[in-house]
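Colleague:
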Amino acid sequence: MRIGPIILAAALTLVSTSALHAAPTQCETKIDGEAVTIFYNTDDPTFSSLRERFLRRGHQCPGAVVITYLMPDLSASEREVFCANYDPKTKSHSLPAQGRRDSFGRCVEPSKTCALVNTTKQEAIALMGMGQRAEEGTRPGLLSSTISAVTHSSGAMILSGNAGALSGLLSSVGAAASAPAVLAGAAASVVVIGGAVYLCSDD
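When you line the sequence shown up against mature numbering (1 follows the signal peptide of the UniProt record, and there is no 0), it's residues -22 to -1, 1 to 181, in that order.
1) Go through its chain and collect everything with a Cβ distance to LEU48's Cβ below 6 Å, but skip five positions before and after it.
2) When the Cα atoms are used, what is the spatial distance from CYS39 to ALA164?
3) In the DSSP assignment, what are the bridge partners of SER70?
4) When the distance is taken between beta carbons, is THR7 closer than 8 Å to VAL44?
5) For LEU52, does the three-state DSSP call read helix, strand or coil?
6) Roughly how many angstroms lie between the CA atoms of ILE9 and HIS71, to the nearest whole one?
7) Over the uninterrupted beta strand (DSSP E) stretch that includes GLU12, give me the two end residues.
8) Using the C-alpha atoms, what's the distance from SER126 back to GLY139?
9) Could you give the distance in angstroms between the alpha-carbon of PHE17 and the alpha-carbon of GLN4?
So this is what it looks like as structure tokens:
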């Protein structure tokens, strides 16, 4: 039997098929009501699932691609703590949110919208360290009793509590002045990931 040529032909077919799938493409979406065209590669890990690849209708952008567009400085694994805020009525995305994703990269439930806090890398590292020490119990009094610290599977440190307590925490590392305004009594979270800090709260 001439198995060699058959295997070679199959391998060439597989390479050709993969090359066809790994092609630059584009999709259309709305972000805060404004029409946006996003260019991306179908082989990129941000194209979140095979289900999405084959069942997506038309040229509507998948949620994971929208998150990548809005958070280009984070890696695919770092972006896993965020989901795409999508309004089916307006068919528009808004700023990313902190929450669980569905198979399309969109938020499973209403989630806190996140805005970037203009911090230095040193300030982000300081917040990460404070959260880790509080979570480990080595410095139980380091954070306010109204703030909890949890490490997400993506590596993100999530500090959750009321906005007033979190503003005080940001002040302690010199970042409060650059934080987005949040109602004092509102529930909020600070997400520290990839040297960046995001303040997430209900709209």
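Note that beta-carbon positions come from the ideal geometry of N, C-alpha and C, so glycine has one too.
Modeller: A quick look at the data gives this:
1) By one-based count along the sequence shown, residue 48 stands at place 70. Around LEU48, the same chain offers PRO74 as residues with beta carbons nearer than 6 Å, after the five sequence neighbours per side are excluded.
2) As a working note, residue 39 is residue 61 in the sequence shown. As a working note, residue 164 is residue 186 in the sequence shown. Separation of CYS39 and ALA164 (C-alpha to C-alpha, rounded to the nearest whole angstrom) is 32 Å.
3) Taking the sequence shown and counting its residues from 1, one reaches residue 70 at position 92. According to the DSSP secondary-structure assignment, SER70 is paired through a beta bridge with ASP65.
4) Translated into positions along the sequence shown, residue 44 becomes position 66. Translated into positions along the sequence shown, residue 7 becomes position 29. Against a cut-off of 8 Å, the Cβ pair of THR7 and VAL44 comes out as a contact.
5) Locating residue 52 in the sequence shown gives position 74, where the first residue counts as 1. Under the three-state reduction of DSSP, LEU52 is assigned to coil, being neither helix nor strand.
6) Within the sequence shown, the letter at position 31 stands for residue 9. Within the sequence shown, the letter at position 93 stands for residue 71. Counting only the Cα atoms, HIS71 lies some 5 Å from ILE9.
7) As a first step, residue 12 is located in the sequence shown; it is residue number 34 there, counting from the start. Its beta strand (DSSP E) spans residues 12 to 19.
8) For this step, residue 139 is matched to residue 161 along the sequence shown. For this step, residue 126 is matched to residue 148 along the sequence shown. Computed Cα separation, rounded: 7 Å.
9) Along the sequence shown, read from residue 1 onward, the residue named residue 17 stands at position 39. Along the sequence shown, read from residue 1 onward, the residue named residue 4 stands at position 26. If I take the Cα positions, the gap works out to 4 Å.
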